[in-house]
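Everything on this sheet refers to the single structure shown next.
Right, here's the structure in full:
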């Protein structure tokens with residue numbers, strides 16, 4: 037079994053530069069061999085950070101390189117399917133930035149192709165390794181809240197203007213907040229609770245001149261649980277990121293996992309001690325108020341430590357046959373199915389049964 041894998045990274049924008057390369061290069065068995073990038077400012081950063089990687093200006097230089105074992109697709113959303121398909125057909129394992137694809141038909145095709153070629157394909161759902169989500173997951177599994185009846189998760193931003201010269205503001209397949217931040221919220225909900233019975237959704241464009249969805253409210257209905265997922269671009273004062281309500285108590289968590297802010301500031305995991313990375317300050321710890329085994333518990337719960345390295349460590353272990361793949365392509369496909377039904381629900385202004 038091969039223990040070292042050459043990696044080709046397609047795209048060195050926000051995804052490739054901030055979220056992908058800093059963590060895949062932490063794994064001893066991954067060798068970042070080539071980076072496809074054309075923007076001079078990003079090329080300069082790539083050359084400084086990863087001097088041993090070759091910078092190329094076309095994806096074919098990666099896809100047609102027989103020495104590349106794993107391709108990471110970190111390009112614009114509407115290109116994910118075609119690049120992933122080409123990579124699989126070229127005999128590569130593939131990581132696709134979220135959203136996995138823009139339709140379930142595309143997702144099904146990629147999954148079948150990967151099976152036929154005996155290759156691993158997965159989606160970069162790194163937010164499963166957020167400190168807040170890891171903490172929420174533990175709280176739910178602990179039974180501290182009793183029977184959970186309500187779960188609400190937000191992924192809010194504040195930008196009251198349209199960014200110039202970015203594909204994310206263009207009306208292209210896979211753009212808009214539902215495909216973008218919604219992919220994370222939906223993945224986390226399905227990871228916790230499985231597939232819903234039915235769903236309803238409201239999609240809006242709130243910024244003047246906007247052409248893509250920049251606000252959504254999605255409700256997933258389970259037999260004894262209501263899940264609400266929300267995101268917007270006009271949220272200047274954020275409320276709780278997570279609200280968990282059970283028949284014995286509540287858990288509220290404010291603030292966003294600190295990894296993104298740290299990475300955007302140019303601080304890499306290699307710039308600080310391993311045990312300090314992804315550690316939340318106490319003011320961001322969630323608040324618990326519950327009755328548990330005859331005790332009234334009121335106070336803070338220390339946040340778990342987040343680390344996106346977990347995604348690539350799991351992928352490496354899966355490639356060498358030591359671990360089951362955490363983010364299965366079928367799970368990534370189900371996220372796209374929820375998105376398709378959410379769009380239908382918003383257009384038809386009705387609740388849709390999950391199918």
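Residue numbers (my numbering): 37 to 391.
Note that CB positions come from ideal geometry on N, CA and C, so glycine has one too.
Please read these numbers as outputs of a predicted model, since none were measured by experiment.
Is it true that the CB of residue 117 sits closer than 8 Å to the CB of residue 134?
The residue you call residue 134 lines up with position 98 of the chain shown. The residue you call residue 117 lines up with position 81 of the chain shown. The answer is no: Cβ separation not under 8 Å.
Count the CB pairs spanning the stretch 217-235 and the stretch 256-269 that are closer than 8 Å, and state whether there are at least three.
yes
Less than 8 Å separating the beta-carbons of residue 45 and residue 68?
Taking the chain shown and counting its residues from 1, the one referred to as residue 45 is at position 9. Taking the chain shown and counting its residues from 1, the one referred to as residue 68 is at position 32. Closer than 8 Å, so yes.
Reducing DSSP to helix, strand and coil, say where residue 174 ends up.
Counted from its first residue, the chain shown places residue 174 at position 138. The answer is helix: DSSP assigns residue 174 an H, G or I state.
Alpha carbon to alpha carbon, how far is residue 72 from residue 281?
Locating residue 72 in the chain shown gives position 36, counting from the first residue. Locating residue 281 in the chain shown gives position 245, counting from the first residue. Looking at the two C-alpha atoms, the distance is approximately 46 Å.
By Cβ distance, which residues of its chain are closer than 8 Å to residue 246, with the 5 residues on each side in sequence left out?
Position 210 of the chain shown, counting from 1, holds the residue named residue 246. Closer than 8 Å at the Cβ level, and outside the excluded window around residue 246, lie 198, 205.
Assuming residue 213 and residue 274 are in contact, meaning their beta carbons sit under 8 Å apart, how far apart are those beta carbons, in whole angstroms?
Residue mapping note: residue 213 aligns to position 177 of the chain shown, counting from 1. Residue mapping note: residue 274 aligns to position 238 of the chain shown, counting from 1. Wrong, their Cβ atoms sit about 15 Å apart, outside the cutoff.
Could you tell me the distance, in whole angstroms, from the CA atom of residue 121 to the CA atom of residue 207?
One-based indexing of the chain shown puts residue 121 at position 85. One-based indexing of the chain shown puts residue 207 at position 171. Take the alpha-carbon of residue 121 and the one of residue 207: they are about 23 Å apart.
Decide if the stretch 301-317 is in contact with the stretch 336-354; the criterion is three or more beta carbon pairs, one per stretch, under 8 Å apart.
yes
Which residue wins for smallest C-alpha separation from residue 111, given the options 250, 66, 50?
For the purposes of this step, residue 111 is taken as residue 75 along the chain shown, with counting starting at 1. Considering only alpha carbons, the answer is 50.
Which residue from 237, 287, 147 puts its Cα closest to that of residue 253?
The residue given as residue 253 occupies position 217 in the chain shown. Nearest C-alpha to residue 253: 237.
Contact check, residue 39 vs residue 65 under 8 Å by CB: the rounded distance?
As a working note, residue 39 is residue 3 in the chain shown. As a working note, residue 65 is residue 29 in the chain shown. Their Cβ separation, rounded to whole angstroms, is 6 Å, which keeps residue 39 and residue 65 in contact under 8 Å.
Taking the alpha carbon of residue 336 as the reference point, which residue from 365, 70, 289 has its own alpha carbon closest?
Sequence index remark: in the chain shown, residue 336 carries index 300 (1-based). Among 365, 70, 289, the Cα nearest to that of residue 336 belongs to 289.
Tell me residue 244's beta-bridge partners as DSSP assigns them.
Position 208 of the chain shown, counted from the start, is the residue given in the question as residue 244. DSSP, once it has assigned bridges, lists no residue as partnering residue 244.
Tell me, please, which residues DSSP counts as bridged to residue 255.
Taking the first residue of the chain shown as 1, we reach residue 255 at position 219. In the DSSP output, where bridge partners are listed per residue, residue 255 has 236, 264.
Smallest Cα separation from residue 308: which of 43, 53, 58, 326?
On the chain shown, position 272 is the one that residue 308 refers to. It is 58.
Could you tell me the boundaries of the beta strand (DSSP E) in which residue 67 lies?
The residue given as residue 67 occupies position 31 in the chain shown. Residues 66-72.
Could you check what DSSP says for residue 34 in three-state terms: helix, strand or coil?
As displayed, the chain neither begins before 37 nor continues past 391, which places residue 34 out of reach and without an answer.
Check this for me: beta carbons of residue 326 and residue 333, under 8 Å apart or not?
By 1-based counting over the chain shown, the position of residue 326 is 290. By 1-based counting over the chain shown, the position of residue 333 is 297. Result yes, Cβ atoms of residue 326 and residue 333 sit closer than 8 Å.
May I ask you to report which of helix, strand or coil DSSP gives residue 201?
By 1-based counting over the chain shown, the position of residue 201 is 165. DSSP, reduced to helix, strand and coil, places residue 201 outside both helices and strands of the structure shown, so it counts as coil.
Note down, in chain order, each residue of its chain lying with its Cβ closer than 7 Å to the Cβ of residue 191, except the 5 sequence neighbours on either side.
As a position in the chain shown, residue 191 is number 155, starting the count at 1. Once the five neighbours on either side are set aside, the close Cβ partners of residue 191 are 217, 220, 221, 267.
Pull up the CB-CB distance for residue 405 and residue 187, whole angstroms please, since I reckon it's below 8 Å.
Since the first residue shown for the chain is 37 and the last is 391, residue 405 is missing from the structure and cannot be characterised.
Using 8 Å for Cβ pairs, my map puts residue 143 next to residue 368. What's the rounded Cβ distance?
The residue you call residue 143 lines up with position 107 of the chain shown. The residue you call residue 368 lines up with position 332 of the chain shown. Contact between residue 143 and residue 368 is confirmed by a C-beta separation of about 7 Å, below the 8 Å threshold.
What is the DSSP secondary structure of residue 369, reduced to helix, strand or coil?
Here residue 369 refers to the residue found at position 333 of the chain shown. Correct three-state label for residue 369: helix.
Which of the three DSSP states, helix, strand or coil, is assigned to residue 361?
Residue mapping note: residue 361 aligns to position 325 of the chain shown, counting from 1. Here residue 361 sits in coil by DSSP.
Out of curiosity, what's the CA-to-CA distance linking residue 363 and residue 155?
Position 327 of the chain shown, counted from the start, is the residue given in the question as residue 363. Position 119 of the chain shown, counted from the start, is the residue given in the question as residue 155. C-alpha of residue 363 to C-alpha of residue 155: approximately 14 Å in a straight line.
What does the alpha-carbon distance come out to for the pair residue 389 and residue 60?
As a first step, residue 389 is located in the chain shown; it is residue number 353 there, counting from the start. As a first step, residue 60 is located in the chain shown; it is residue number 24 there, counting from the start. Cα to Cα, residue 389 sits roughly 39 Å from residue 60.
Please report how far the alpha carbon of residue 298 lies from the alpha carbon of residue 79, in whole angstroms.
On the chain shown, residue 298 is found 262 positions in, with the first residue counted as 1. On the chain shown, residue 79 is found 43 positions in, with the first residue counted as 1. Answer to the nearest angstrom: the Cα atoms are 21 Å apart.
Using a Cβ-Cβ cut-off of 7 Å (strictly less than) and excluding sequence neighbours within five positions of residue 353, which residues of its own chain qualify?
Position 317 of the chain shown, counted from the first residue, corresponds to residue 353. The answer, listed in chain order, is 359.
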